[in-house]
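**Student:** I have a structure I would like to understand better, so I am pasting it below and will then ask my questions one at a time.
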Amino acid sequence: MNELNITGICANAGSAKGCAERANQTLQDRLIKEMRLEGISSIEAANAWLDTFIADFNRRFARPAKSPKDLNRPVAESNEELDDIFAWQKLRKLSKTLTFRYGKMIYL
């Protein structure tokens, strides 16, 4: 995240966690009830109907942003650089013989 100049914000306070959990619970409850009302009983039918549900849900419950200013930044990194940044990385030290261990394997 440092490479992208992004600071993570953790929801350490119980009230912050509760907001997200309540929103997810509300959405899950409404989704299941709406599917039942629409007579949806298969994954294929649910997938086909989901865009309609999301549009209706957003129309009814979305709130305008506090500020209309767009704070998104353009991504300066290429797709290859982003792949490297988001790859699983583990710091290892090379031995005097220029080998390193990962798991139970020795790599040359």
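Position 3 (the sequence shown) corresponds to 869 in our numbering; numbering is contiguous. Note that the Cβ used here is the ideal one computed from N, Cα and C, for glycine as well. Keep in mind it's a predicted model, so treat the numbers as computed, not measured.
(1) Compute the distance between the beta-carbons of I972 and L870, then report whether it is under 8 Å.
(2) Is the stretch 905 to 922 touching the stretch 936 to 947 in the sense that three or more CB pairs, one from each, lie closer than 8 Å?
(3) When you compare the CB positions of Y968 and K956, do they come within less than 8 Å of one another, or not?
(4) So within the stretch 886 to 934, which uninterrupted alpha helix (DSSP H) runs reach at least 4 residues, ignoring any that extend past its ends?
(5) Identify which residue in C876, A942, E900 and A953 has its Cα closest to the Cα of W915.
(6) Quick one: give me the first and last residue of the alpha helix (DSSP H) that I951 is part of.
(7) State the Cα-Cα distance for the pair T918 and R926, rounded to the nearest angstrom.
(8) Per DSSP, which one or two residues make a beta bridge with I875?
(9) As a quick exercise: from K970, N945 and A928, pick the residue whose alpha carbon is nearest that of L893.
(10) When the Cα atoms are used, what is the spatial distance from Y911 to E904?
**Tutor:** Reading it off the structure:
(1) no
(2) no
(3) yes
(4) 909 to 927
(5) E900
(6) N945 to I951
(7) 12 Å
(8) BP columns for I875 are empty, so no partner.
(9) A928
(10) One detail in the question is off: residue 911 reads as Ala in this sequence, not Tyr. Each residue's Cα considered, the two are about 10 Å apart.
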